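Visitor:
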Amino acid sequence: MVEILRKSRSGKKSFESKDVISSLPDDILGRILSFLPTKNAVATTAVSSRWKNLYKLCTSLDFDDSVSVPVSSRDDLGNARRDMVSFKRFVKEMLTQFNKSDITKFRLKCGNDIEYSLLYEWIRAAFLHKVVQLELSIDMPMSCVLQVSQLTCQNLVVLNLDCKFILRVPRSVTFPSLKVLFFKEVKFHGNRSIRFIADSEVFSLDYTDLNGILDGCPLLEELVIDGCDWNGGDLYFSNPLLKRLTLNDGLTGPIDQLNGSMVHIDLPSLVYFYYSQCLAEWYDFRNMKSLLEAHLVICFNDDDYEDEQDLCNVILDLINGVCCCRSLHLSSQCLEALTSGDFEMYMPIFRNMTRLYLTLSQGVSWCEVLLAFLYKSPCLESLTLVQGGGGCCSSQLDGNFLLRAKTVPSCVQSQLKYVYMEYFRGYKEEISMVKYFLENAHVLEKMVIQWDQLLRKGDFVETIENISELPKSCLIVFE
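FYI, the numbering for the sequence shown is 545 to 1023, going by this note's numbering.
1) Pick from K632, E659, I859, A824: whose alpha carbon is nearest that of E880?
2) First and last residue of the alpha helix (DSSP H) that includes I647?
3) Going by DSSP, what residue range makes up the beta strand (DSSP E) through S926?
4) Go through the region 576-609 residue by residue and report every complete run of the alpha helix (DSSP H) that reaches 4 residues or more, in order.
5) Within this structure, are the beta carbons of R715 and V689 separated by less than 8 Å?
6) By how many angstroms is the C-alpha of Y818 removed from the C-alpha of V730?
7) To the nearest angstrom, how far is the alpha carbon of C707 from that of E912?
8) Rounded to the nearest angstrom, what separates S820 and R594 at their Cα positions?
9) Go ahead and pull the three-state DSSP assignment for K920.
10) Taking just the CA atoms, how far does Y967 sit from Q997?
11) Just to confirm the assignment, what range does the beta strand (DSSP E) spanning F887 have?
12) May I ask you to report which of helix, strand or coil DSSP gives G935?
13) Compute the Euclidean distance between the alpha carbons of Q931 and I993, then round it to the nearest angstrom.
14) Would a check of beta-carbon distances place L601 closer than 8 Å to chain B?
15) Can you list, in chain order, the residues of its chain whose CB lies under 6 Å from that of I809, leaving out five sequence neighbours each side?
16) What would DSSP say about C772, mapped onto helix, strand or coil?
17) What does DSSP give as the partner residue(s) for T903 in the beta ladder?
18) Between which two residues does the beta strand (DSSP E) holding T806 run?
19) Can you have a look at R633 and say buried or exposed, based on whether 16 or more other CB atoms are within 10 angstroms of its CB?
20) Using 8 Å for Cβ pairs, my map puts F727 next to I769. What's the rounded Cβ distance?
21) Suppose contacts are defined by Cβ-Cβ distances below 8 Å. Is D606 in contact with R651 by that definition?
22) Would you mind reading off the limits of the beta strand (DSSP E) that contains I993?
23) Just to confirm, is the Cβ distance from L512 to L725 under 8 Å?
24) Going by Cα to Cα distance, which pick from W910, K636, F732, L758 is closest to D773?
25) Return the CA-CA distance between P892 and M684, expressed in angstroms with no decimal places.
26) List the DSSP bridge partners of L779.
27) Which of helix, strand or coil does DSSP assign to D657?
28) Closer than 7 Å by C-beta to I1008: which residues in its own chain qualify, once you throw out the five before and the five after it? Chain order, please.
29) Within its chain, find whatever has a CB closer than 8 Å to the CB of N699; leave out the 5 residues flanking it on each side and keep chain order.
30) Where does P953 land, buried or exposed, given buried means 16+ other C-beta within 10 angstroms?
31) Over what stretch of residues does the beta strand (DSSP E) that includes F709 continue unbroken?
32) Expressed to the nearest angstrom, what Euclidean distance is found between the alpha-carbon atoms of L862 and W910?
33) Can you give me the C-alpha to C-alpha distance between A742 and L791, rounded to a whole angstrom?
34) Give the straight-line distance between the Cα atoms of K583 and V611, rounded to the nearest whole angstrom.
35) Which class does M965 belong to by DSSP, given the choice of helix, strand or coil?
36) Applying the 10 Å Cβ sphere with the 16-neighbour rule, what's the burial state of R895?
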């Protein structure tokens, strides 16, 4: 309802209520209701007779048991128990009512009380509606096998699987229209053949792995693999259109499935790359000139490397592969692996990079890495230095290493505009770094210093006074 101000002939003002939303055309109201969970869209039938059948104009079906089903009780741990019978009945009823309309989006989010046979039935029903977007988020106690051919749809543009499926990928599978592919906690069946007998005849089905499903997505633009198990082995990413790639081992993926493997990336259109995995044996990067942003968050086991230089060389391969990016984020373990050997003479020149984010750990100090990156980044404009959770101890900091450098890096003198220092503790070595940038970064516009939360108030008040006394021509912000 909207209140409209009216003025009578006598000059008196009055307010009149008018239902503006209900006066909108049916197709507009259908689009609005499509943004709601289906349960809420159906509830609008109680508004008035005008709304009785408007929910049937929705172009999406969004089923969420946390929205649709009230909590009936709680277990000993306080977890909610829901009446899933009514939820199943509601989903079936909606799929029946929408059986003659095209649904562009089908989303299903529910707990573990759904029978697998019923789940497959709902997926098949969704594809009968020629869905463009399919999202499944199911809390399964155990994995169940899902044939990728069951998900094949000529119109499918977005596929999001967040559940413990074991995917069987036939070699002939294709997704001709798919542009966004999201896998979470999925396990791939792997390269193998299955033989079975039916009607006295022997049949053989060949299944491929993660690489196989990617080969069948010629229009793919975004790929997310989060906490998945692809049975190890080499990974191949080759696609002329892929723009965003996320590889994250998450909390459920095996942390060592890339041991002894190769990662091949040939993605000329890639602009965003997030890699949070264990180190592979080696990397082969090609055609990465479009890359804008790269995040490298690696893990490794020292025992896997007989020679520390081998560890250093592997991380150098990975960094070299993304050196054309404009924004680079390196985790503490990246720097730890990098400093395990002789790296400075093999470091690439980051000719396009304008933003750099470095995170330290207890095993690496700024004097080991910072200057090397500054010398190799001629266009650097923004520098973020994170001293790990809780900061570093003063013995790890050498505030004079910058002063001992033979020359001031060119980026510091003429390009650097922004410096952010996180988990600052006010050590004199840190203040020396602040002083160095204030004196040598001639175009510096802003420096932000975020305090370590464990620092006592009296300590940082004194530090602020010390920094405030330094000569400066830029804005300094303390957080």
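We put the beta carbon where it would ideally sit given N, CA and C, even for glycine. Here the structure is a predicted model, which means the values were calculated and not measured.
Guide: Looking at the atomic coordinates:
1) As a working note, residue 880 is residue 336 in the sequence shown. Comparing Cα-Cα distances from E880 to each of K632, E659, I859, A824, the minimum goes to I859.
2) Counted from its first residue, the sequence shown places residue 647 at position 103. Per DSSP, I647 belongs to no alpha helix (DSSP H) and is neither H nor E.
3) Indexing the sequence shown from 1 puts residue 926 at position 382. Here the beta strand (DSSP E) through S926 covers 926-930.
4) 582-587
5) In the sequence shown, residue 715 corresponds to position 171, counting from 1. In the sequence shown, residue 689 corresponds to position 145, counting from 1. Their beta carbons are not under 8 Å apart, which means R715 does not touch V689 by this criterion.
6) Reading the sequence shown from its first residue, position 186 is the one you call residue 730. Reading the sequence shown from its first residue, position 274 is the one you call residue 818. For V730 and Y818, the distance between alpha carbons rounds to 18 Å.
7) Within the sequence shown, numbered from 1, the residue matching residue 707 stands at position 163. Within the sequence shown, numbered from 1, the residue matching residue 912 stands at position 368. Approximately 43 Å between the Cα atoms of the pair.
8) Position 276 of the sequence shown, counted from the first residue, corresponds to residue 820. Position 50 of the sequence shown, counted from the first residue, corresponds to residue 594. Taking the straight line joining both Cα atoms gives about 52 Å.
9) Stepping through the sequence shown from its first residue, residue 920 is reached at position 376. It is coil, neither helix nor strand.
10) For the purposes of this step, residue 997 is taken as residue 453 along the sequence shown, with counting starting at 1. For the purposes of this step, residue 967 is taken as residue 423 along the sequence shown, with counting starting at 1. Roughly 7 Å separates the two Cα atoms.
11) Here the question's residue 887 lines up with position 343 in the sequence shown. Here F887 belongs to no beta strand (DSSP E), and DSSP marks it neither H nor E.
12) By one-based count along the sequence shown, residue 935 stands at place 391. Below a pLDDT of 50, predicted positions are generally treated as unreliable, and G935, at 47, falls in that range; no measurement from the model is reported.
13) Looking up residue 931 in the sequence shown gives position 387. Looking up residue 993 in the sequence shown gives position 449. About 12 Å.
14) In the displayed structure, chain B is absent; only one protein chain is listed.
15) What you label residue 809 is simply residue 265 of the sequence shown in a count that begins at 1. Cβ neighbours of I809 beyond the five flanking positions: F781, F829.
16) By 1-based counting over the sequence shown, the position of residue 772 is 228. If DSSP states are grouped into helix, strand and coil, C772 belongs with coil.
17) On the sequence shown, position 359 is the one that residue 903 refers to. Paired residues: V930.
18) In the sequence shown, the residue the question calls residue 806 occupies position 262. The question names Thr, but residue 806 in the sequence shown is Met. Where M806 is concerned, the enclosing beta strand (DSSP E) stretches over 806-810.
19) Against the sequence shown, residue 633 aligns to sequence position 89. With fewer than 16 Cβ atoms within 10 Å of its Cβ, R633 is classed as exposed.
20) By 1-based counting over the sequence shown, the position of residue 727 is 183. By 1-based counting over the sequence shown, the position of residue 769 is 225. Rounded, the Cβ-Cβ distance is 5 Å, consistent with contact.
21) Counted from its first residue, the sequence shown places residue 606 at position 62. Counted from its first residue, the sequence shown places residue 651 at position 107. Yes. Within cutoff.
22) In the sequence shown, residue 993 corresponds to position 449, counting from 1. 990-995 is the span of the beta strand (DSSP E), which, as asked, contains I993.
23) Here the chain covers residues 545 to 1023 and nothing more, so residue 512 does not appear.
24) Residue 773 sits at position 229 when you count from the first residue of the sequence shown. Out of W910, K636, F732, L758, F732 has the C-alpha closest to the C-alpha of D773.
25) As a position in the sequence shown, residue 892 is number 348, starting the count at 1. As a position in the sequence shown, residue 684 is number 140, starting the count at 1. Distance between the alpha carbons of P892 and M684 is about 45 Å.
26) Indexing the sequence shown from 1 puts residue 779 at position 235. Answer by DSSP bridge pairing, in chain order: V807.
27) Counting from 1 along the sequence shown, the entry for residue 657 is found at position 113. Looking at D657 - three-state DSSP - the assignment turns out to be coil, as it is neither helix nor strand.
28) Taking the first residue of the sequence shown as 1, we reach residue 1008 at position 464. Excluding sequence neighbours, I1008 sits near F1022.
29) Residue numbering aside, residue 699 sits at position 155 when the sequence shown is read from its first letter. Within the same chain, N699 has close Cβ partners K674, V675, V676, S721.
30) The sequence position of residue 953 within the sequence shown is 409, counting from 1. That one is buried.
31) On the sequence shown, position 165 is the one that residue 709 refers to. 709-714 is the span of the beta strand (DSSP E), which, as asked, contains F709.
32) Here residue 862 refers to the residue found at position 318 when the sequence shown is read from its first residue. Here residue 910 refers to the residue found at position 366 when the sequence shown is read from its first residue. If I take the Cα positions, the gap works out to 21 Å.
33) As a working mapping, residue 742 is identified with position 198 in the sequence shown. As a working mapping, residue 791 is identified with position 247 in the sequence shown. Residue placement at A742 is flagged as unreliable, the pLDDT there being 39, under the threshold of 50; the coordinate-derived value follows with that caveat. Using only the alpha carbons, I get a separation of about 40 Å.
34) For the purposes of this step, residue 583 is taken as residue 39 along the sequence shown, with counting starting at 1. For the purposes of this step, residue 611 is taken as residue 67 along the sequence shown, with counting starting at 1. Between K583 and V611, the C-alpha separation is close to 7 Å.
35) Translated into the one-based positions of the sequence shown, residue 965 becomes position 421. Three-state DSSP puts M965 in a strand.
36) Mapped onto the sequence shown, residue 895 falls at position 351. Its Cβ having fewer than 16 others within 10 Å, R895 is exposed.
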